[in-house]
Amino acid sequence: MERNRHAESRWPGLQAVSHHPACGRCAVVKPSANAEKTDEEEKEDRAAQSLLNKLIRSNLVDNTNQVEVLQRDPNSPLYSVKSFEELRLKPQLLQGVYAMGFNRPSKIQENALPLMLAEPPQNLIAQSQSGTGKTAAFVLAMLSQVEPANKYPQCLCLSPTYELALQTGKVIEQMGKFYPALKLAYAVRGNKLERGQKISEQIVIGTPGTVLDWCSKLKFIDPKKIKVFVLDEADVMIATQGHQDQSIRIQRMLPRNCQMLLFSATFEDSVWKFAQKVVPDPNVIKLKREEETLDTIKQYYVLCSSRDEKFQALCNLYGAITIAQAMIFCHTRKTASWLAAELSKEGHQVALLSGEMMVEQRAAVIERFREGKEKVLVTTNVCARGIDVEQVSVVINFDLPVDKDGNPDNETYLHRIGRTGRFGKRGLAVNMVDSKHSMNILNRIQEHFSESRGGSCAWHPFLRGAGWGKG
Ligand SMILES: Nc1ncnc2c1ncn2[C@@H]1O[C@H](COP(=O)(O)OP(=O)(O)OP(=O)(O)O)[C@@H](O)[C@H]1O
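When the letters of the sequence shown are read in order and numbered with the UniProt record's numbering, they come out as residues 1 to 471.
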């Protein structure tokens, strides 16, 4: 591959890597009608994303940020625990926790658990990214309050979907496995009970519509006997029409002294407003996401004039440098499938992550890639959002990230590229540019990061001016 032959970057460090005309591999910048329409079916699906995260995650995510705690009563002492023993859990429960391989509380659990297990139990709104131990925390709170000898629902947990409810149910079963008398019921559509029947299971987990029916119309559950109410994935919940109202209606049926807990991975205004309606007098715990950085990433672009030339450039890239594992992002499913097929023909071990796959299939693909069984993962953005693959050192934007209006999607750019810089590792990002329009998009992305990060100061890897092979 020619190195920086036609570098014409407006950004001193973002190198243009193009091909030379004489050798037949050169690509020139030409305006093209390349704007393939975003596949409508690939719209963001928060519930599917959340489920995918749960399926592929086997341990806690690292987070070095400080937990922020806002106590309802600022005068009461703030407790945090460094061990599960300090919580004085029932022995069966402590056994369950250790059997899951948990040695000590996660960051969010250190503060959330003492609040949730206090006497009297306190209400809590907690926000932290996926994988920080929220589910395990509220399951522990439910299990420590439940009386297995009492054969009626005492804990009620709302989940946005059946699949997510099942995942939480699995954690309850694992953690509660030393309570043989403990039973769990799923209040989800399709789970039909006889009219007039009363539920004997002590924990009910379900979706808002069915739980509402079971509490009011069908009276399978006596809401007045609920001691702990959990609203999980509040941000996903409110994205579904109707769930917000149903959740509020359920909450209104619960006794005043019922403990209310709400969890969310994000905390936009709408979630906060909803949380305040559902959780009176709350303590609030927040753990900010670990910031993604572009600092350790070298970013380049390659000038091409068509999809085929982008593919050729990609092959050249593989010919020029050794790439252990790469993630390649495309704009549409169609491009992703085409590219995966072409790369396979070239002899690469390729995995394709595509929107038409079931979430479980996607999880399996990611797992194989993680294990190194495939070296290239071709994906669209929707499928790959939030996936951490630590060993990926190269990210290729076969198509630049744009929003539905065709404007630069800076956040997605950061998520795609920023991942490679995590864990102190250096990374390489290559952007395929095939028109003046996409060059313009790339320039705007660069401007965004220059401005939002305080100008052309040290953070900016674009300004480092490294060529291929350097750094
Ligand atoms: N204290 C702990 N020690 C070790 N592992 C833990 C601990 N708490 C939770 N985990 C594990 O970490 C992973 C993430 O935890 P958990 O599912 O509770 O997080 P979360 O914030 O609810 O994320 P999500 O919303 O994606 O489920 C799980 O595999 C869980 O078993």
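A virtual CB, placed ideally from N, CA and C, is assigned to each residue, including glycine.
Locate the alpha helix (DSSP H) running through residue 169, then write down its first and last residues.
162 to 175
Helix, strand or coil: how does DSSP classify residue 358 here?
coil
Within 10 angstroms of its Cβ, does residue 142 collect 16 or more other Cβ (buried), or is it exposed?
buried
In this structure, how does DSSP classify residue 17 when only helix, strand and coil are distinguished?
Any reading at residue 17 needs caution, since the residue's pLDDT is 42, under 50, leaving its predicted position unreliable; the model's value is listed next. Looking at residue 17 - three-state DSSP - the assignment turns out to be strand.
Measure the alpha-carbon distance for residue 183 versus residue 310 and round it to whole angstroms.
56 Å
Name the two residues that bound the continuous beta strand (DSSP E) containing residue 218.
In the DSSP annotation of this structure, residue 218 is not part of any beta strand (DSSP E), being labelled neither H nor E.
Rounded to a whole number of angstroms, what is the C-alpha to C-alpha distance between residue 322 and residue 187?
52 Å
Hey, would you say the C-beta of residue 233 is under 8 Å away from at least one heavy atom of ligand 1?
Checking every heavy atom of ligand 1 against the Cβ of residue 233, one is found closer than 8 Å.
Proximity test, residue 145 beta-carbon vs ligand 1 heavy atom, cut-off 8 Å:
Distances between the C-beta of residue 145 and the heavy atoms of ligand 1 are all 8 Å or more.
Can the beta-carbon of residue 69 be found less than 9 Å from the beta-carbon of residue 60?
no
To the nearest angstrom, report how far apart residue 437 and residue 366 are at their CA atoms.
Between residue 437 and residue 366, the C-alpha separation is close to 32 Å.
Rounded Cβ spacing between residue 218 and residue 158 (contact assumed at less than 8 Å)
About 17 Å separates the two Cβ atoms, so there is no contact after all.
Enumerated in chain order, which unbroken segments of the beta strand (DSSP E) with a length of 3 residues or greater are wholly contained in the segment 98 to 139?
Runs of the beta strand (DSSP E) inside the segment 98 to 139: 124 to 128.
Sequence-distant residues of the same chain with beta carbon closer than 7 Å to residue 52, five excluded per side
359, 362, 363
Contact check, residue 475 vs residue 134 under 8 Å by CB: the rounded distance?
In the structure displayed, the chain extends from 1 to 471; residue 475 sits before or after that span and is not available.
Looking at residue 313 and residue 378, is the spacing between their C-beta atoms short of 9 Å?
For the 9 Å CB-CB criterion, residue 378 and residue 313 do not form a contact.
Distance CB(residue 289)-CB(residue 65) smaller than 9 Å
Cβ atoms of residue 289 and residue 65: closer than 9 Å.
Beta-carbon contacts of residue 154 that lie in its chain and below 6 Å, excluding the five residues immediately before and after
146, 202, 227
Residue 64, DSSP secondary structure in three states:
coil
What is the DSSP secondary structure of residue 90, counted as helix, strand or coil?
If DSSP states are grouped into helix, strand and coil, residue 90 belongs with coil.
Looking at residue 402 and residue 302, is the spacing between their C-beta atoms short of 9 Å?
No, they are not a contact pair.
Going by the CB atoms, is the gap between residue 331 and residue 399 shorter than 9 Å?
yes
Mind checking whether the beta-carbon of residue 226 lies closer than 8 Å to any heavy atom of ligand 1?
no
Could you tell me whether the segment 122 to 130 touches the segment 169 to 182, using the rule of 3 or more Cβ pairs below 8 Å?
no
For residue 240, which of 274, 251, 105, 257 has the nearest alpha-carbon?
Per the Cα distances, 274.
Over the uninterrupted alpha helix (DSSP H) stretch that includes residue 251, give me the two end residues.
243 to 253
Using CA coordinates, which residue listed in 339, 376, 370 is at the minimum distance from residue 58?
Check the Cα spacing between residue 58 and each of 339, 376, 370: the tightest is with 370.
Let's test the definition: count the other Cβ atoms within 10 Å of the Cβ of residue 46 and tell me whether it reaches 16, buried, or not, exposed.
buried
Considering Cα atoms alone, identify which of 374, 101, 139 is closest to residue 478.
Only positions 1 to 471 of the chain appear in the structure, and residue 478 is not among them; the question remains open.
Are residue 243 and residue 148 closer than 9 Å when you measure CB to CB?
no
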